[in-house]
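Position 69 (the sequence shown) corresponds to 69 in the numbering used here; numbering is contiguous.
Each residue gets a CB set at the ideal place from its N, CA and C atoms; glycine is no exception.
Note that this is a predicted model, so its numbers are computed, not measured.
This report concerns only the one structure given below.
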Amino acid sequence: MTPEAPTPRSGSNAPKRILIVEDEFLIALSAEEALLAEGFDVVGVAATFEQALSIAERERPDLVLMDIRLASSRDGVDTAIEIRRRFGLASLFTSANQDPENVARAQVAEPVGWLPKPYNIESLIAAVCKFAAR
Numbered sequence: 001m002t003p004e005a006p007t008p009r010s011g012s013n014a015p016k017r018i019l020i021v022e023d024e025f026l027i028a029l030s031a032e033e034a035l036l037a038e039g040f041d042v043v044g045v046a047a048t049f050e051q052a053l054s055i056a057e058r059e060r061p062d063l064v065l066m067d068i069r070l071a072s073s074r075d076g077v078d079t080a081i082e083i084r085r086r087f088g089l090a091s092l093f094t095s096a097n098q099d100p101e102n103v104a105r106a107q108v109a110e111p112v113g114w115l116p117k118p119y120n121i122e123s124l125i126a127a128v129c130k131f132a133a134r
């Protein structure tokens, strides 16, 4: 008998499908492991604009965790805007780069929030669960 994955803490409205867009491998891995442990389904991890759009189109996640700096010429703000425009998907920005220019640009993507880096796992889970409670 295999153990079942835990149910996300915030109830039936919790987003079960999450796309992580993060160019730092260890941060992405840590976030993925924490979300999986909380019962969320991580549908993919992307490090570039192109990877993020491809996974978002294929998987249609409930939430996108979006870093600002990516390993591509297009940054996380551009990526979140395009994902919102094409697929109507919500992004939660996870970045140390919250200067006024980026925050203003990001408003076009209608983000559900900002999680400043460095963040701890508890803060990540709380931010995702806060979105889930909407």
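Beta-carbon proximity check, residue i vs residue j, cutoff 8 Å
| i | j | result |
| --- | --- | --- |
| Ala71 | Val45 | no |
| Arg69 | Asp62 | no |
| Glu22 | Ala47 | yes |
| Glu38 | Phe87 | no |
Residue from the options whose Cα sits closest to the Cα of residue i
| i | options | result |
| --- | --- | --- |
| Asp41 | Ala52, Glu57, Ser123 and Val64 | Val64 |
| Val43 | Ala80, Leu89, Ile20 and Leu53 | Ile20 |
| Ile125 | Leu89, Ala34 and Val103 | Ala34 |
DSSP three-state assignment for residue i, whether helix, strand or coil
| i | result |
| --- | --- |
| Ser123 | helix |
| Val103 | helix |
| Ser30 | helix |
| Phe25 | helix |
| Thr79 | helix |
Inter-residue spacing [alpha-carbon to alpha-carbon] between residue i and residue j
| i | j | result |
| --- | --- | --- |
| Asp78 | Phe49 | 8 Å |
| Ser123 | Asp67 | 15 Å |
| Gln142 | Ala132 | The structure shown does not extend to residue 142, since the chain is modelled only from 1 to 134, so the question has no answer here. |
| Leu36 | Ser91 | 18 Å |
| Asn120 | Leu26 | 13 Å |
| Val128 | Glu101 | 24 Å |
| Arg84 | Arg60 | 11 Å |
| Ile55 | Ala80 | 13 Å |
| Arg105 | Ser73 | 16 Å |
| Lys130 | Ala109 | 18 Å |
| Arg17 | Glu32 | 11 Å |
| Ala14 | Gln107 | Its pLDDT being 46, under 50, Ala14 is placed unreliably by the model, and the measurement read from it follows with that caveat. So the alpha carbons of these two residues sit roughly 23 Å apart. |
The region 91 to 98 / the region 110 to 126 touching (three or more Cβ pairs under 8 Å): yes
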